[in-house]
Amino acid sequence: MDGAAGGGLAAWSLITGYETNDAIGGNLHGTYISLNSFGLGSLGASAGFYDRLELSYAHDWFDTRSAGGRLGLGNGYTFNLDVAGAKLRLFGDAVYDQDSWMPQVSAGVQAKAAENHDVLKAIGARSPDGVDMYLAATKLFLAESLLLSATVRATKANQFGILGFGGDRDRFYSAQFEGSAAYLVTRRLAVGGELRSKPDTLGFAREGTAYDAFAAYFLSKNISATLAFVALGPIARQGDQNGVYLSLQAGF
Amino acid sequence: MARLLLATLLMIVAWRGTDATDLLFEQLGGQPGIAKIASNALDLYFTDPRLAADFSNINRAFLQPRFTAYLCRIAGGPCIYKGHSMKRSHKGLAITQARFNAVVEDMQTAMDRANVPFHVQNRFLARLAPLERDIVTR
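Sequences listed follow chains A and B, in order. Taking the numbering used here, the leading residue of the first sequence gets 2, the next gets one more, and so forth. Taking the numbering used here, the leading residue of the second sequence gets 1251, the next gets one more, and so forth.
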């Protein structure tokens, strides 16, 4: 969603590419989530430099479908969000350091800009732009075929930023948590779950923690497909939003 | 959730404690299994174009018994490895992470061909992965 290497909801500390400190790697993603009342899409690209620095960009759009009409915005009204990110690996190696408990730890920053300024102002968002900062720790427990990741994020974003930043209930940064667990079933298949807590700043539209359960399948070394069931919690007064998430990723 | 994660971590610690060294050696098929894995791996290393520069000057007949004994010892088997440490034997070779990763990929294929189950492969690879620090020097 945010364009940084990781799961669908959570940012990981891994740097995109093939874990090589002597090469530049890249990744493209296309994701669509079909929810009860909404559609949520994301297209993005990232580049990893020498397993140290990752730069990423993603464009997210949020199709309100018929809920747009109910909200007085018009059927099919669409919110847009652009996310530019940078992530720096600070220490540790999630994959090679199998004789140590030390996870790979990275720090990241994401500059997010939402369009739809007038609507965001009307629902009580303080700003259409915001900057997230996060610290992520990820570790592959290879002997157990298990990957665990935890992220703490300082953010003001409403619904990842699609509904702007800050609101009438809270105008300051809050610390939010993201966690992922993935089990490697075969060389090609991983299954797991994620959660991501979010700020709840808009009196107009409360929000809660998002969850998913996913299966990721590597069609080849370069291409993977992820299917997930997501529960994003309430969005824009339309009740709890559950749905199916499909993502295609290509790495090189 | 934090408590759940902690519980999971503690479970892994307990689990690790019971993962006895000899168990992995047995799961890999004992000495015949490891000999097969080593032979399969060298078949791949000597023909992999990504590794041509590393293996073109190496005598397979010299390497194979040493490589087999080394893998056997890493697996916890009753083998004696008399060769140099990985750090010393790869010194000055300017091996890149990409080439190290190619060796790991070929090792996975070698274990597939020896019918080693995926999760046993991962337990073995977990013991080999830290060698990256000794082998990759560029």
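We put the beta carbon where it would ideally sit given N, CA and C, even for glycine.
* Using a cut-off of 7 Å between C-beta atoms, extract the partners of Y259 of chain A located in chain B. => No answer is possible for residue 259 of chain A: the residues shown for chain A start at 2 and end at 253.
* CA nearest to the CA of A1379 of chain B, picked from B:F1275, B:D1272, B:L1321 -> Shortest Cα-Cα distance from A1379 of chain B to any of B:F1275, B:D1272, B:L1321 involves B:L1321.
* Asked: From A:G26, A:R197, A:R90, pick the residue whose C-alpha is nearest to that of D3 of chain A; which is it?
  -> When only C-alpha atoms are compared, the closest one is A:R197.
* To do: Assuming D23 of chain A contacts G42 of chain A (C-beta within less than 8 Å), just tell me the rounded distance between them.
  => So it is not a contact: roughly 35 Å between Cβ atoms.
* **Residues bridged to K199 of chain A [DSSP beta-bridge criterion]** => Partner(s): none; K199 of chain A has no beta bridge.
* Name the one or two DSSP bridge partners that Q111 of chain A has. => Answer by DSSP bridge pairing, in chain order: A:G86, A:D133.
* Asked: Anyone know if the C-beta pair for D119 of chain A and Q105 of chain A falls short of 7 Å?
  -> Their beta carbons are not under 7 Å apart, which means D119 of chain A does not touch Q105 of chain A by this criterion.
* Given D1384 of chain B, which residues of its chain have a CB within under 8 Å of its CB, disregarding the five upstream and five downstream residues? -> S1335, M1336, K1337, H1340
* To do: Between the Cα of G31 of chain A and those of A:L44, A:I236, A:F39, A:I25, spot the shortest distance and give me the residue it belongs to.
  => A:L44
* Hey, does P1380 of chain B have any beta-carbon neighbour from chain A nearer than 7 Å? -> Under the Cβ distance rule, P1380 of chain B counts among the residues neighbouring chain A, one pair being separated by less than 7 Å.
* Is there at least one Cβ from chain A nearer than 7 Å to Q1277 of chain B's Cβ? -> Under the Cβ distance rule, Q1277 of chain B does not count among the residues neighbouring chain A, no pair being separated by less than 7 Å.
* Determine the DSSP secondary structure at K140 of chain A, reduced to helix, strand or coil. => It is a strand residue.
* Where W102 of chain A falls, given that 16 or more other Cβ within 10 Å makes a residue buried -> With a 10 Å radius around the Cβ and a threshold of 16 neighbouring Cβ atoms, W102 of chain A comes out exposed.
* To do: Tell me, please, whether the CB atom of S150 of chain A is closer than 7 Å to any CB atom in chain B?
  => no
* So does the segment 3-23 of chain A actually touch the segment 1341-1350 of chain B, counting three or more Cβ pairs closer than 8 Å? -> yes
* **Enclosing alpha helix (DSSP H) for N1372 of chain B [first to last residue]** => 1368-1378
* Asked: Within 7 Å (strictly less), CB to CB, does L1294 of chain B reach chain A?
  -> It does not; no Cβ of chain A falls within 7 Å.
* Asked: Does the pairing of the segment 113-129 of chain A with the segment 165-182 of chain A give three or more beta-carbon distances under 8 Å?
  -> yes
* To do: Rank A:A232, A:L74, A:A114 by C-alpha distance to the C-alpha of D83 of chain A and give the top, closest one.
  => A:A114
* To do: Express the C-alpha separation of L72 of chain A and Q239 of chain A in angstroms, rounding to a whole number.
  => The straight-line gap from Cα to Cα measures roughly 9 Å.
* So the beta strand (DSSP E) G209 of chain A belongs to, where does it begin and stop? -> G209 of chain A -> no beta strand (DSSP E), and no H or E assigned at all.
* To do: Determine the chain A residues that contact G1318 of chain B at a beta-carbon separation under 9 Å, and present them in chain order.
  => Looking at the sequence shown, residue 1318 of chain B is not Gly but Thr. Those within 9 Å of T1318 of chain B in chain A number zero; the least Cβ separation is about 22 Å.
* If you draw a straight line from the alpha carbon of G180 of chain A to that of R188 of chain A, how long is it in whole angstroms? -> 23 Å
* To do: State the DSSP-derived secondary structure class of F173 of chain A, mapped to helix, strand or coil.
  => coil
* Assign F1339 of chain B to one of three DSSP states: helix, strand, or coil. => Looking at the sequence itself, residue 1339 of chain B is Ser, so the reference to Phe does not match. In the structure shown, S1339 of chain B sits in a helix (DSSP, three-state: H, G or I).
* Asked: Would T1297 of chain B count as contacting chain D if we go by Cβ distances under 7 Å?
  -> Protein chains A and B are contained in the structure displayed, whereas chain D is not.
* Asked: Any idea if I1308 of chain B is buried or exposed, counting beta-carbon neighbours within 10 angstroms, 16 or more meaning buried?
  -> Label assigned to I1308 of chain B: exposed.
* Taking all protein chains shown into account, decide if K140 of chain A is buried (16 or more other Cβ within 10 angstroms of its Cβ) or exposed. => By the 10 Å Cβ count, K140 of chain A comes out buried.
* Asked: So is A211 of chain A buried or exposed if we call it buried at 16+ other beta carbons inside 10 Å?
  -> buried
* To the nearest angstrom, report how far apart L233 of chain A and Q242 of chain A are at their CA atoms. => Each residue's alpha carbon lies about 5 Å from the other.
* To do: Check the Cβ-Cβ distances between R1373 of chain B and every residue of chain A, and say whether any is below 7 Å.
  => True, the Cβ-Cβ gap to chain A drops below 7 Å.
* **Residue of A:R172, A:S150, A:N223 minimising C-alpha distance to G193 of chain A** => Among A:R172, A:S150, A:N223, the Cα nearest to that of G193 of chain A is on A:S150.
* Continuous alpha helix (DSSP H) stretch holding L1294 of chain B: start and end -> 1280-1295
* Would you list, in chain order, the members of the segment 1325-1350 of chain B that have their beta-carbon closer than 7 Å to a beta-carbon of chain A? => Residues of the segment 1325-1350 of chain B with a C-beta atom less than 7 Å from some C-beta of chain A are T1346, Q1347, A1348, listed in chain order.
* Enumerate, from N- to C-terminal direction, the unbroken beta strand (DSSP E) stretches of 3 or more residues contained entirely within the segment 20-85 of chain A. => 25-36, 40-50, 54-64
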